[in-house]
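Numbering-wise (our numbering), the sequence shown opens with residue 1 and increments by one. Glycine is no exception: its CB is placed at the ideal position from the N, C-alpha and C atoms. Structure first, commentary second.
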Amino acid sequence: MLLLCFGGMKDRKKRSVLPWGICLFWCNLTVVFVSGFTFSTLRLFDTEGHRPRMVSKWNIPAMEAISGENSPTPAISIRETVIFPDEALIFLKYPPSTALFTKNDINCTYFPLNSSQPQLHLSPPSIDGGYGNHQIVRCPLQPRGTMVSLAVKHNGNLTPGPTYRWDSLAYEAIIDRDNSTVVFVKGLNLRSGRAANPSKFKCLYGFDLNNPRFVLWAGALSVAQEIVRCRTPLSVLNGFDDSIKVSVRVVGRRTMNSIARLKHRLTPKPFSHHKHHKMCVCTMLRNQAQFLPEWIMYHAQIGVQRWFIYDNNSNDDLDHMVDSLVDSNYNVSRHIWPWIKTQEAGFAHCALRARDSCEWVGFIDVDEFFHLPSNLSLSNVLTNHSRSNNIAEIRVSCHNFGPSGLKNFPTKGVMVGYTCRMAAPERHKSIVRPEALNSSLINLVHHFHLNSGFRYVNMNRSVVVINHYKYQVWDVFKEKFYRRVATYVSDWQQDRNVGSKDRAPGLGTKAVEPLDWSTRFCEVSDTGLRDRILEGFSDPDTGLLPWEYIS
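So, in structure tokens, the structure goes:
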């Protein structure tokens, strides 16, 4: 048997080696499958300019040849740690047969640099789990001059894994149904709503991206905002393995750090195949569990059939609320999405996941409610627009409601409690056909870029409008100061983009309640949705609304 390695092609000017290499195992001129990868020079890359060289190493274990790893993986280990502004996320890996850990089983431990003895033990605020064979442990941000790890009951202190910053990181990857790889990455710093030149980007694949000799690369097909789409090497497709890491390299710059693994592979479906749901909704939220019952129960009555909840670091028992809604026969799923300032990327990720089962997908927040003054249902509206094959986006105007004189959160919910709004609509939100989205997945939260040949329509506000309960009572509204989820929107504590429509007019950078807050943003009395709710949703015996029973 002969082991041949192709090193990186040398740049004739810089004489530097690009970070990739391909090893081929030849036996009687047949390509041999090794540890999940199939390396094929015939279809992967043009080998012109590559010189094979013989490596005098025999009887190499397969995993060593691919990943360079010699020792077995510990039963329980820290796969990696990501440092956020206010916490550390530790990805804990364990054998599939291991029972899920709780907060009582784990401590966050903090070690001085160059020391093996922890100086501090703290209980983790939360643990998200089980996702395959790992859990996400959230630890308080470590004191300066220390590194964070975990102590697990009956296992002692774990060795810290590699640590990365949240704002320069490839964090998710999917193989799309056209066999391209979609990589989600922070730190590219590209312009909002604009496509970048894909020739300047490459995707890298391997079990160990720090070992350039055993890394495959592929050119980018499209690059926009925080999403890179690349051709997937045939060896990766043929030997799909969810331990393969993916990263992005910008030509002339270093390779981005990565924790992204190929966890999903979407199966091809014809454009015309039957969808299980006519209308679905994607949303991203943090600590809004108490608002979910009203939002989901109401929208279920007007035509929404499926909800994708992207949980952006909630600590208010959102998982229990979702479970209770599922137990009540609502088709709701919670997807852990800890990546901050990534709403556009999260919506793109959701569009890919929803595409096979949903004909239309709405992208709205939990404080936004479709209102149909015409007394139609969303199903009626979508059916009317489905007759035209080239309409792929329905844009719905938003009316912003204020506190409506209230000091406390309305007991019957936002639709009944808030009845005074601004006169003019502001912005819009969209319902889209995910099949028609541009492959770049460019979106501005409010709408996506569509493929050529498709168009959008603006809905008449007399047919459908969104009631956006944006300016609620102060105890609810002040949470917006914590952090904005959109990538290109400044956090409100920052003295930037003061005139942005995302910010509340007249407020500074501190969450200090104005004396007249309860009467602000009130120009027009609008009781249309309130009246519909009280008339059509109240229990005739108790007068209670459906969400009052569960909340």
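Delimiting residues of the beta strand (DSSP E) encompassing residue i
i, result
"Val-332", "332–336"
"Tyr-164", "163–165"
"His-428", "428–432"
"Tyr-456", "455–458"
"Ser-222", "216–224"
"Gly-206", "201–206"
"Phe-84", "Neither: Phe-84 is in no beta strand (DSSP E) and is coded neither H nor E."
"Gly-417", "Gly-417 -> not in any beta strand (DSSP E); alpha helix (DSSP H) instead, spanning 414–417."
"Asp-176", "Element bounds for Asp-176: n/a, residue is neither H nor E."
"Leu-100", "Per DSSP, Leu-100 belongs to no beta strand (DSSP E) and is neither H nor E."
"Thr-146", "146–152"
Anticipated Cβ contact below 8 angstroms, residue i with residue j, distance rounded
i, j, result
"Asp-311", "Leu-285", "7 angstroms"
"His-428", "Cys-398", "6 angstroms"
"Thr-261", "Thr-255", "It is worth fixing the name first, because residue 261 is Arg in this sequence and not Thr. Contact flag wrong, Cβ pair sits at about 16 angstroms."
"Thr-159", "Ile-106", "In fact, because the Cβ distance is near 15 angstroms, the residues do not count as touching under 8 angstroms."
"Trp-295", "Phe-369", "7 angstroms"
"Ala-224", "Ser-386", "With a Cβ gap of about 28 angstroms, Ala-224 and Ser-386 do not count as contacting."
"Gly-453", "Asn-400", "Not confirmed; about 34 angstroms, so no contact."
"His-449", "Ser-430", "Going by Cβ atoms, the distance from His-449 to Ser-430 rounds to 11 angstroms, so no, they are not a contact pair."
C-beta contact flag for residue i and residue j at 8 angstroms
i, j, result
"Tyr-469", "Tyr-418", "yes"
"Leu-141", "Val-82", "no"
"Pro-425", "Gln-472", "no"
"His-371", "Ile-466", "yes"
"His-277", "Arg-306", "yes"
"Leu-292", "Leu-325", "yes"
"Thr-181", "Val-251", "no"
"Cys-139", "Glu-87", "yes"
"Val-137", "Ile-174", "no"
"Gln-288", "Val-445", "no"
"Ser-243", "Phe-184", "no"
"Asp-176", "Leu-237", "no"
"Trp-547", "Met-321", "no"
"Lys-186", "Trp-339", "yes"
"Phe-308", "His-335", "yes"
"Gly-405", "Ser-222", "no"
"Ile-127", "Lys-103", "yes"
"Val-476", "Phe-409", "yes"
Nearest residue (CA-CA) to residue i, options the options
i, options, result
"Phe-84", "Cys-282, Tyr-171 and Asp-167", "Asp-167"
"Val-524", "Pro-403, His-277 and Arg-421", "Arg-421"
"Phe-101", "Ser-123, Gln-119, Ala-88 and Gln-117", "Ser-123"
"Val-457", "Val-246, Ala-345 and Leu-382", "Leu-382"
"Gly-156", "Met-147, Phe-448 and Pro-118", "Pro-118"
"Val-463", "Glu-535, Asn-375 and Ile-90", "Asn-375"
"Arg-355", "Arg-433, Phe-91, Pro-373 and Ile-302", "Arg-433"
"Val-414", "Ile-340, Arg-520, Phe-448 and Leu-529", "Leu-529"
"His-563", "Ala-151, Phe-347, Leu-545 and Asp-241", "Here the chain comprises residues numbered 1 to 551, so residue 563 is not present and cannot be evaluated."
"Asn-329", "Asn-315, Trp-339 and Gln-301", "Gln-301"
"Leu-318", "Ile-340, Ala-195, Val-366 and Arg-353", "Val-366"
"Arg-455", "Ile-442, Asn-443, Ala-436 and Arg-461", "Ala-436"
"Lys-275", "Asp-128, Leu-92 and Arg-353", "Arg-353"
"Asn-179", "Leu-406, Phe-207, Ser-235 and Val-185", "Ser-235"
"Gly-219", "Pro-198, Thr-342 and Asn-238", "Pro-198"
"Pro-95", "Val-148, His-134 and Arg-144", "His-134"
"Ile-533", "Val-416, Asp-541 and Lys-478", "Val-416"
"Gly-129", "Ser-116, Thr-146, Gly-145 and Thr-98", "Thr-98"
"Met-147", "Thr-163, Asp-526 and Ala-511", "Thr-163"
"Gly-145", "Ser-115, Gly-161 and Arg-165", "Ser-115"
"Gly-303", "Asn-313, Asp-316, Asp-541 and Asn-331", "Asn-331"
"Asp-531", "Leu-545, Phe-521 and Arg-520", "Leu-545"
"Ala-196", "Asn-211, Glu-535, Ile-442 and Thr-527", "Ile-442"
"Pro-315", "Gln-290, Phe-409, Val-512 and Asp-327", "A small fix is needed here, since residue 315 is Asn in this sequence, not Pro. When each option's Cα is compared against that of Asn-315, the closest is Gln-290."
"Asp-461", "Phe-481, Thr-411, Arg-395 and Asp-516", "At residue 461 the sequence reads Arg, which differs from the Asp that was named. Nearest C-alpha to Arg-461: Arg-395."
"Asn-313", "Ser-357, Ala-351, Trp-337 and Asp-327", "Trp-337"
"Gly-543", "Thr-411, Asp-327, Pro-514 and Lys-341", "Thr-411"
"Ala-511", "Asp-539, Pro-212, Lys-478 and Ser-388", "Lys-478"
is_contact[residue i, chain D] using C-beta, thresh 8 angstroms
i, result
"Thr-527", "Among the protein chains of the structure shown there is no chain D, as only one such chain exists."
Extent of the continuous alpha helix (DSSP H) to which residue i belongs
i, result
"His-349", "343–354"
"Ala-300", "292–302"
"Ile-533", "528–536"
"Pro-546", "546–550"
"His-121", "Note, His-121: premise wrong, no alpha helix (DSSP H); beta strand (DSSP E) at 120–122."
"Trp-474", "474–477"
"Leu-325", "318–327"
Notebook entry, point to check: Do the region 184–201 and the region 111–120 touch if we need at least three Cβ pairs shorter than 8 angstroms?
Noted result: no
Item checked: Meets three-Cβ-pair contact criterion under 8 angstroms: the region 360–376 and the region 276–293 -> yes
Margin query: Using 8 angstroms as the cut-off, can you tell me whether the region 220–229 makes contact with the region 193–206, which would need three or more C-beta pairs spanning the two stretches below that distance?
Written below: yes
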